[in-house]
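These notes are about the structure you will find just below.
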Amino acid sequence: MRTESLELTGETDEAVLTELGAYAYDRGWADESYADALLTREADYPTGLDIPTMGFGIAIPHADPDHVSEQAVLLGLPPAGESIAFRSMDNPDERVDAEVVVLLLVTETEGYSSFLSNLAKLFQAEEFAELTKRRDADGLLDLVVERCVDFDG
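Quick note: the sequence shown uses UniProt numbering, first residue 1, plus one each step.
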């Protein structure tokens, strides 16, 4: 499984999803249709998640495996001091200011529910909060892979 982090340049959720989709496509991990699939899925099923106990928000966008050719985890951080507003998965009429965007590209759905469950637990961990506050992309990515990815790729 490929793992990479990047500093996001997009200022909206749509721009960030397009940026992440293009990044995955440019590396040969996804089809050219992947960015559009991310946008469509986000419109139907928002992925912003507020973590009030830790004082930050995250987004966990994803798209159908049909668009993916190689499994990967992409972790995106907006510029220092900024966040990206994503629609809330709990209440789509509200926005969540995401300080971290975790994108999992999978070639099959097996293991994805487990990944999301593990990720939800990880977001409550003090170590994740500290790494988020420090904007330690490599540390966050290592933690996500170590604690959440339990299927082969």
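Just so it is clear, CB atoms sit at the ideal spot from N, CA and C, and this is done for glycine as well.
Which of helix, strand or coil DSSP assigns to residue i
i, result
"residue 144", "helix"
"residue 104", "strand"
"residue 2", "strand"
"residue 10", "coil"
"residue 28", "coil"
"residue 95", "strand"
"residue 56", "strand"
Same chain, Cβ closer than 7 Å to residue i, five either side skipped, listed in chain order
i, result
"residue 137", "5, 75, 77"
CA-to-CA distance, residue j to residue i, given in whole angstroms
i, j, result
"residue 97", "residue 25", "26 Å"
"residue 133", "residue 46", "24 Å"
"residue 57", "residue 3", "21 Å"
Contact set for residue i: own chain, Cβ-Cβ below 6 Å, skip 5 residues either direction
i, result
"residue 153", "The predicted model places residue 153 with a pLDDT of 46, which falls under 50 and marks its position as unreliable; any figure quoted below should be read in that light. Taken in chain order, the residues that qualify are 1, 71."
"residue 51", "123"
Continuous beta strand (DSSP E) stretch holding residue i: start and end
i, result
"residue 87", "84-87"
Contacting residues, own chain, Cβ-Cβ under 8 Å from residue i (five flanking each side not counted)
i, result
"residue 131", "139, 140, 143"
"residue 116", "60"
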